[in-house]
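Encoded as structure tokens, the structure appears first; notes follow it.
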Amino acid sequence: MAELDIQISIEEGEWPSEEALHSLAERVLETAAAYLREIEKQPFPKMAPEISFVFTDDASIQDINAEWRGKDKPTNVLSFPAFPVQPGKVPGPMLGDIIIARETVGREAVELEKSFDDHLTHLMVHGFLHLFGYDHNNDTEAEIMEGLETRILAKLGLSDPYEGQDLKMEP
């Protein structure tokens with residue numbers, strides 16, 4: 013049985029196939045979940061918790077960002093936990109939603125000189141950690157969250173996404 017029940021929805025934008033996105037999400041999130049469980053001692057529900065991905069475009073994510081965060085601009089990833097949770101506490105049966113914008117991911121990947129898939133992988137991990145209560149609203153939280161991202165991405169064979177750059181995830 014899988015550790016996570018991953019749902020995929022392609023709403024807008026030129027994304028890879030649903031099957032390709034599901035395969036990537038499964039590999040990335042299963043690795044992230046294993047790291048959290050084994051290294052961080054994060055408890056999980058007995059049944060595989062549900063997580064949904066919405067793959068969309070800049071226009072759609074800008075509307076969501078304006079409505080929910082008061083920021084009228086596109087962003088790369090938004091996470092909406094289904095229930096409030098703190099790191100180290102058992103999450104509910106539904107983790108929540110992660111929304112990712114195609115154009116922003118592509119633009120950032122070029123700027124960062126990374127492949128689209130590598131940057132998308134980073135954003136999946138980033139969004140997933142938000143669903144477990146991790147955040148980056150201040151330097152202390154950011155250091156913890158970015159450290160987890162870096163270590164999980166290393167398990168996936170990817171380099172530190174923050175090394176040598178000022179591009180941090182926007183709070």
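In case it helps, this note's numbering puts the sequence shown at residues 13 to 183. Using N, Cα and C, we set each Cβ at its ideal position, and we do this for glycine too. Note that the coordinates shown come from a computational prediction; the quantities given were computed from them, not determined experimentally.
CA nearest to the CA of residue 131, picked from 36, 105, 153, 31: Taking the sequence shown and counting its residues from 1, one reaches residue 131 at position 119. The residue with the shortest Cα to Cα distance from residue 131 is 36.
Mind checking residue 211: buried by the 16 CB within 10 Å criterion, or exposed? The question about residue 211 has no answer here: the residues shown for the chain are numbered 13 through 183.
Contact under 8 Å by Cβ, residue 115 with residue 84: One-based indexing of the sequence shown puts residue 115 at position 103. One-based indexing of the sequence shown puts residue 84 at position 72. No, the pair does not count as a contact, with Cβ atoms beyond the cut-off.
With a CB to CB cut of under 7 Å and the five nearest residues on each side skipped, what residues in its chain are close to residue 153? As a working note, residue 153 is residue 141 in the sequence shown. Sequence-distant Cβ neighbours of residue 153 in its own chain, meaning closer than 7 Å and more than five residues away, are 147.
Can you check which of these residues, 48, 29, 23, is closest to residue 140 by C-alpha distance? In the sequence shown, the residue the question calls residue 140 occupies position 128. It is 48.
Closer than 6 Å by C-beta to residue 166: which residues in its own chain qualify, once you throw out the five before and the five after it? Chain order, please. Here the question's residue 166 lines up with position 154 in the sequence shown. Closer than 6 Å at the Cβ level, and outside the excluded window around residue 166, lies no residue.
Short Cβ contact (8 Å threshold) for residue 124 with residue 61: Within the sequence shown, residue 124 is the residue found at index 112, counting from 1. Within the sequence shown, residue 61 is the residue found at index 49, counting from 1. Between residue 124 and residue 61, the C-beta spacing is not below 8 Å.
From this set, 57, 144, 86, which residue's C-alpha is nearest residue 68's C-alpha? Taking the first residue of the sequence shown as 1, we reach residue 68 at position 56. Comparing Cα positions, the closest option is 86.
DSSP state of residue 72, grouped into three classes? In the sequence shown, residue 72 corresponds to position 60, counting from 1. Here residue 72 carries a helix assignment [DSSP, helix/strand/coil].
Residue 31 versus residue 74: straight-line alpha-carbon distance, rounded: Counting from 1 along the sequence shown, the entry for residue 31 is found at position 19. Counting from 1 along the sequence shown, the entry for residue 74 is found at position 62. Cα to Cα, the separation comes out at about 26 Å.
Using 8 Å for Cβ pairs, my map puts residue 112 next to residue 77. What's the rounded Cβ distance? On the sequence shown, residue 112 is found 100 positions in, with the first residue counted as 1. On the sequence shown, residue 77 is found 65 positions in, with the first residue counted as 1. Their Cβ separation, rounded to whole angstroms, is 12 Å, which puts residue 112 and residue 77 out of contact at 8 Å.
CB-CB length for residue 160 against residue 43, believed under 8 Å: Indexing the sequence shown from 1 puts residue 160 at position 148. Indexing the sequence shown from 1 puts residue 43 at position 31. So it is not a contact: roughly 12 Å between Cβ atoms.
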